[in-house]
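**Q** Let me give you the structure first, and then I'll get to my questions.
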Amino acid sequence: MSDTWIALDAAARRKNWWWAGYLTIIFGGWGVAVALTATGEKLWWIFSIAVCWLLSVIYVINRGYGRTLLTSDRVIFRTFISRRSILWTEIVDIEKRRHQARSGEWWDLRIVRSHGRPLTIPGAFSSRMDDVTFEGKYVLICEYWARSARAE
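Residues in the sequence shown are numbered from -12 upward in steps of one, following the numbering used here.
See below:
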């Protein structure tokens, strides 16, 4: 089986950038409100807000540009921040997870390993319930995992 990349398409990455913009507006407004109203230690509050904004935007960018390479013997995660390689033989399950918050819900995929903590698969998340592209990514990953198990 040839190597296959799993990543967000251009429209999903664009939507992700919109979320980064929303976060910037929200944190920027919060920072201005604190600067205009806070007394005493303004700098500490503004610095805290800036750090929270930076961490949030890095998370959004990392999620949007993360991708996964499926090979015959391993799965390779590449994100804005890190690189990781996991052998198919270390994987015991691939699961879909549903997350719910006040603003909505989203789904992602996670690899459960025999040793170590489960890992979210970069490039495989959706905010729609019946997303055909997301389901296709799930099926493709499960297919690679099943083929590697048969090859052993």
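Where a beta carbon is used, it is the ideal one built from N, C-alpha and C, also for glycine. This structure is a prediction, so every number in the text was calculated from the model and none was measured.
1. Going by other Cβ atoms of all chains shown within 10 Å of its Cβ, with 16 needed for buried, is Ile12 buried or exposed?
2. For Lys83, write down the residues that DSSP places opposite it in a beta bridge.
3. Ser72 by DSSP, collapsed to three states: which one?
4. Is the beta carbon of Asn49 less than 7 Å from the beta carbon of Phe64?
5. For Arg65, does the three-state DSSP call read helix, strand or coil?
6. What does DSSP give as the partner residues of Arg143 in its beta bridges?
7. Is the beta carbon of Thr55 closer than 7 Å to that of Asp(-10)?
8. Output needed for Trp40: all residues of its chain with C-beta closer than 6 Å, excluding positions within five of it in sequence on either side, in chain order.
9. Opposite Phe112 in the DSSP bridges: which residues?
10. Would you say the region 108 to 118 touches the region 88 to 99, given that touching needs at least three Cβ pairs under 8 Å?
11. Comparing alpha-carbon positions, which option in Gly27, Ala20, Phe121, Val47 lies nearest Ile36?
12. Can you tell me the Cα-Cα spacing of Ile128 and Ala7, whole angstroms?
13. Rounded to whole angstroms, what is the Cα-Cα separation between Trp140 and Asp60?
**A** In short:
1. With fewer than 16 Cβ atoms within 10 Å of its Cβ, Ile12 is classed as exposed.
2. Note: Lys83 sits in a beta bridge opposite Leu96.
3. Correct three-state label for Ser72: strand.
4. Going by C-beta atoms, Asn49 is not nearer than 7 Å to Phe64.
5. Arg65 falls in the strand class under three-state DSSP.
6. The structure shown does not extend to residue 143, since the chain is modelled only from -12 through 139, so no value can be given for it.
7. Cβ atoms of Asp(-10) and Thr55: not closer than 7 Å.
8. Scanning its chain for C-beta atoms nearer than 6 Å, with the 5 sequence neighbours on each side dropped, one finds around Trp40 the residues Phe14, in chain order.
9. Under DSSP, Phe112 shares a beta bridge with Asp95.
10. For the pair of segments examined, the region 108 to 118 was found to touch the region 88 to 99: the number of CB pairs separated by less than 8 Å reaches three.
11. Per the Cα distances, Ala20.
12. Between Ile128 and Ala7, the alpha-carbon positions lie close to 28 Å from each other.
13. The requested residue 140 is not part of the displayed model; the chain covers only -12 to 139.
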